[in-house]
Structure formats: C-alpha cells, structure tokens
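Asker: In our numbering, the protein residues as written are 7 to 388.
The beta-carbon is built from N, C-alpha and C at its ideal position, and this holds for glycine as well.
Structure incoming, see below.
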Amino acid sequence: MASWLRRFPWTIFIVCLAITALGLCGLVRADGLYGRTQLVERQIVWWFLAMLAMLAVLLVPYRLLSQLSPWFFLGTLLLLAVTLFMPPINGSRRWIPLGLFDFQASEPARLAYIMALATYLMYRSSQRNMGGLIPPLLMAFFPMLLILREPDLDTALLFLPILYSMLFAAGARTRHLVAAAIPGLLSLPLLWTQISPEQQSRIVSVFTQRDGGAAPTGDGFHLHQSKQILALGGYWGSRSQEEPPLDDPAAWQLPASRTDFIFVMIGERFGFPACAILLLLYCVLICKGLQVARRTREPYGRLVCVGVITLIAVQTLLNTGMTVGLLPITGTTLPLCSYGGSSLISTYAGIGLVMNIAMRQGYEVTGEPFMFRREKIGSSTN
C-alpha cells in the first residue's frame with residue numbers, strides 16, 4: 007500500500023478535484039442569480055460516481071483495458087445508433103432517457119475511440135505513409151457520422167484533433183498529415199452551405215460582435231450576455247461588491263449558465279483571479295498528462311495519454327474562448343467543471359486511465375523513445 011501511495015499521481019488528482027470544486031462554486035452562483043435548483047446536489051452525486059469510475063479504471067492494469075478497447079468502441083457505436091431513435095429534445099436526439107437521468111452516448115464514445123485508435127496504432131508503422139492514414143480516418147468517420155445525425159457538429163469535430171494528435175504521436179509524417187488536411191480545408195466553402203443557419207450565425211456573430219448597448223437577437227445574444235456578465239462582476243468579482251452594478255434582470259440573463267457558460271459564473275462571482283487560477287489548473291493538468299505520455303515507452307499508454315489530454319485541452323480552449331468572444335459559441339462543455347453526469351464521469355474515467363498509465367512502473371514508463379514491436383531494442387522511428 008505504501009508503494010502504491012508513493013506512485014499515485016497526486017498532482018493530477020488534486021488538480022482535477024480543484025477544477026470540479028470551482029465548477030460547484032459556479033453552480034452555486036447560478037442558483038443565486040437564476041433561482042434555486044437541485045443541480046448542485048446532483049452534481050455532487052455525479053462527482054461521487056465519477057470518483058468510483060476513476061478508481062475502477064485505475065485499479066485495472068491498462069494493458070488489460072487495451073485488449074477490451076475494440077469492444078468498448080463497438081459498444082459506444084451501438085449506443086450512438088440507439089440515440090438516433092430516441093425522442094428529440096429541443097430538436098436534437100443526443101440523449102438516451104434512463105428514468106432518473108439522461109445518458110449522452112457521445113461522451114464515452116470519445117474515450118472509447120481514443121482507446122480503440124491507440125490499440126490499432128500501437129504496433130503499426132503503416133501510418134508512416136499516406137495509405138496507412140485511411141483506416142484511422144475511417145475509425146473516426148463512423149462515430150462522427152452518427153453524432154452529426156443527432157445533430158451535434160461541435161462534438162463530432164472534436165474527433166479530428168484527437169485523430170491528428172494521436173497519429174502524430176504514433177509517428178505519422180507531418181507532410182502526410184498536412185496533405186490529408188488540405189481536402190478538408192478546400193471543402194470548407196461547401197461545408198458552410200451545408201451547416202444550419204443557426205451554426206452560420208454563431209460564426210458570423212464573432213466578427214460582428216460589439217460591446218455595450220442593447221443585447222442583440224439570435225446567437226449574438228449569448229456572446230453579448232457572456233461578456234457583459236463577466237464585466238458586471240468586475241476584476242474581483244461580485245463577491246467583493248456591496249450591491250450589483252445593475253438592477254435590470256435582463257442584463258443578467260444567460261442561458262446554459264450551468265453547462266456551457268460555467269466559466270462565466272465563476273468569473274462573475276470571484277473575478278479575474280479565479281479565472282486565472284482555473285486556467286492555470288488546466289495548464290498543470292495538461293502539462294502533467296503530457297509528461298506521462300513523454301515518459302511512457304509502451305505505445306498504447308503513450309497514445310492514450312496524448313488522446314485524453316488533447317481532448318481536455320481542445321475542450322478547454324473552445325469553451326473559454328467562446329465565453330470572451332474569441333471563438334464561436336458552441337455546445338462544448340468545460341471538462342471537469344460544467345454540470346453534467348455523462349461528461350463528468352467520462353472525463354474522470356479518462357483521467358483515471360492517464361493516472362493508471364503513470365503508476366505502472368518498470369519498462370512501461372521510462373525515458374526511452376516510442377518504439378514499435380517489430381523493432382529491436384535501441385532502434386527508434388523518431
């Protein structure tokens with residue numbers, strides 16, 4: 007037990023707890039602004055279940071999980087297909103109703119995809135040529151297609167940075183990755199004509215945003231209100247104010263304040279220092295995760311670490327960027343922080359997998375370079 011405790015990645019664990027605690031503070035503030043709910047208590051329950059999921063993943067040797075990864079991936083594809091037959095909520099079919107809660111299959115699907123892709127790439131060198139990129143692209147195509155049918159463009163696009171980062175870590179050549187991306191870039195004008203007017207409006211609103219004045223209608227409303235509420239909190243947050251600077255209830259309206267805009271609730275209540283601390287915590291988590299990947303010689307472990315940390319980093323960038331007007335408004339939640347059971351449990355399970363890899367000592371975690379099975383000790387693909 008003493009050896010286990012010494013190897014336990016305490017920094018990663020404590021940082022995750024701190025991020026979730028700040029998220030709970032944001033939920034409490036949202037209750038103060040918009041009325042009391044039971045979401046704080048429910049999030050604490052989700053947090054407890056997420057801890058159990060992380061512990062379960064942590065205790066099972068990750069090399070055993072690598073053997074089960076293809077089955078996890080197929081199972082999540084089945085769940086995504088089932089989701090398309092569920093009753094629509096707000097015009098979308100993204101959840102499977104289970105009575106006490108709604109399950110969002112796209113959350114575990116991303117983790118299952120990371121595990122399955124790592125299993126496929128771990129001992130191959132085919133990704134070193136253009137033709138070898140086709141199977142990984144097809145693996146991403148099927149979950150993306152099912153998620154796009156929900157429709158959920160934002161979640162579907164998250165598979166692409168995961169795919170590229172893992173291919174790069176597996177030894178794919180940069181020029182091949184760039185060449186594979188060129189057709190996608192050239193097709194952006196066609197993609198623009200295929201996305202919904204609502205999604206087009208979200209992108210346009212970034213370039214037409216203005217500060218002050220009445221809130222615009224449409225998707226620009228969310229962006230305007232997000233920045234305004236952050237400004238109303240001031241540098242030190244509303245907690246340091248004796249009374250709110252505005253009494254107009256319309257000035258404080260912010261849909262999805264407990265999910266997509268939890269960062270705004272934290273900033274409004276505790277000010278810029280809290281936002282800076284939260285971003286610093288994410289930076290520490292990302293750096294520690296990449297350190298585990300860098301020290302991992304065993305290919306499955308390295309690739310999984312890269313995939314999980316890429317997912318967290320991209321989600322953090324998209325969510326915080328949209329709240330201050332740097333990026334279009336999306337439905338991307340802030341990992342470990344926003345309200346939501348499916349997201350919280352899936353993210354903690356992914357963190358548990360990274361911690362699992364970090365704790366498995368011996369030849370699995372060393373300073374030696376990434377290697378393929380068919381190569382002899384002392385050779386490298388890099």
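Where does Leu90 land, buried or exposed, given buried means 16+ other C-beta within 10 angstroms?
Answerer: exposed
Asker: Got a sec? Which residues, its chain only, sit under 7 Å from Val46 by beta carbon, not counting five neighbours each side?
Answerer: Cβ contact annotation for Val46 (same chain, cutoff 7 Å, sequence separation greater than five): Leu30, Leu33, Val34 and Asp37, in chain order.
Asker: Give me the Cα-Cα distance between Trp16 and Pro76, rounded to the nearest whole angstrom.
Answerer: 30 Å
Asker: DSSP three-state label for Asp217, please.
Answerer: coil
Asker: Quick one: what's got a C-beta closer than 6 Å to Leu23's C-beta in the same chain, skipping five residues either side?
Answerer: Closer than 6 Å at Cβ, skipping near neighbours: no residue.
Asker: Using 8 Å as the cut-off, can you tell me whether the stretch 260-276 makes contact with the stretch 128-145, which would need three or more C-beta pairs spanning the two stretches below that distance?
Answerer: no
Asker: Among Ala185, Gly295 and Arg300, which one has its Cα closest to the Cα of Ala3?
Answerer: This structure does not reach residue 3, given that the chain is present from 7 up to 388, and the question cannot be answered.
Asker: Whether or not the stretch 300-307 and the stretch 122-131 are in contact is what I'm after, with contact meaning three or more pairs of Cβ atoms, one per stretch, closer than 8 Å; do they touch?
Answerer: yes
Asker: Would you say Ala122 and Phe174 are within 8 Å of each other, going by their C-beta atoms?
Answerer: no
Asker: Based on the DSSP secondary-structure assignment, which residues constitute the bridge partners of Pro157?
Answerer: Answer is none; Pro157 lacks a bridge partner.
Asker: Using DSSP bridges, identify the partner residues of Ser98.
Answerer: Ile95
Asker: Can you tell me which of the three DSSP states Thr199 falls into?
Answerer: helix
Asker: Under 8 Å by Cβ, that's how I've got Arg5 and Gly243 pegged, so tell me the actual separation to the nearest angstrom.
Answerer: Because residue 5 is not part of the residues shown, which for the chain are 7 to 388, the question remains open.
Asker: Since I believe Val184 is in contact with Leu333 (beta carbons under 8 Å), could you give me their beta-carbon distance rounded to a whole number of angstroms?
Answerer: With a Cβ gap of about 23 Å, Leu333 and Val184 do not count as contacting.
Asker: Taking one C-beta from the stretch 231-250 and one from the stretch 190-203 each time, how about it: are there three or more such pairs within less than 8 Å?
Answerer: no
Asker: On the three-pair Cβ rule with 8 Å, is the stretch 281-290 touching the stretch 79-99?
Answerer: no
Asker: The alpha helix (DSSP H) spanning Ser352 covers which residue range?
Answerer: That run of the alpha helix (DSSP H) goes Gly347 to Met365.
Asker: List the DSSP bridge partners of Pro261.
Answerer: DSSP lists no partner for Pro261.
Asker: Have a look at Gly81, Thr339, Arg179 and Gly327 and flag the residue whose alpha-carbon is nearest the alpha-carbon of Gln133.
Answerer: Arg179
Asker: Hey, would you say Leu324 sits closer than 8 Å to Thr338, going by beta carbons?
Answerer: yes
Asker: Helix, strand or coil for Phe109 per DSSP?
Answerer: Looking at Phe109 - three-state DSSP - the assignment turns out to be strand.
Asker: Could you tell me if Leu359 is buried or exposed, where buried requires 16 or more neighbouring beta carbons within 10 angstroms of its beta carbon?
Answerer: For Leu359, the number of other beta carbons within 10 angstroms of its own is at least 16, and it is reported as buried.
Asker: Classify Thr125 as helix, strand or coil using the three-state DSSP reduction.
Answerer: helix
Asker: Check whether the Cβ atoms of Leu85 and Ala111 sit closer than 8 Å, and answer yes or no.
Answerer: Against a cut-off of 8 Å, the Cβ pair of Ala111 and Leu85 comes out as a contact.
Asker: How big is the Cα-Cα spacing for Ser157 and Ala237?
Answerer: Going by the sequence as given, residue 157 is Pro instead of Ser. C-alpha separation (whole angstroms): 33 Å.
Asker: Straight-line CA distance for Leu11 to Ile20?
Answerer: 14 Å
Asker: So Ile18 packs on Met365, CB below 8 Å; how close in whole Å?
Answerer: With 8 Å as the limit, Ile18 and Met365 do not qualify as a contact, their Cβ atoms being about 10 Å apart.
Asker: Do you know whose CA, among Trp52, Asp108, Ala124 and Ala56, lies nearest Tyr68's CA?
Answerer: Distance from the Cα of Tyr68 is smallest, within the candidate group Trp52, Asp108, Ala124 and Ala56, for Ala124.
Asker: Nearest to Thr322 by alpha carbon, out of Arg48, Tyr288, Ala115 and Pro189?
Answerer: Tyr288
Asker: Is the beta carbon of Pro255 within less than 7 Å of some heavy atom of the ligand HEM?
Answerer: Within the structure as shown, the ligand HEM is missing, as the structure has no ligands at all.
Asker: For the alpha helix (DSSP H) holding Tyr68, just list the boundary residues, first then last.
Answerer: Tyr68 to Thr89
Asker: Pro341 by DSSP, collapsed to three states: which one?
Answerer: coil
Asker: Can Leu164 and Ala87 be called in contact, C-beta distance under 8 Å?
Answerer: With respect to the 8 Å criterion, Leu164 and Ala87 are not classified as neighbours on the basis of their beta carbons.
Asker: Leaving out five residues on either side along the sequence, give the residues of the same chain with a beta carbon under 6 Å from the beta carbon of Ser349.
Answerer: Only residues of its own chain outside the window of five on either side were considered, and among them Glu113 and Thr339 have a CB closer than 6 Å to the CB of Ser349, listed in chain order.
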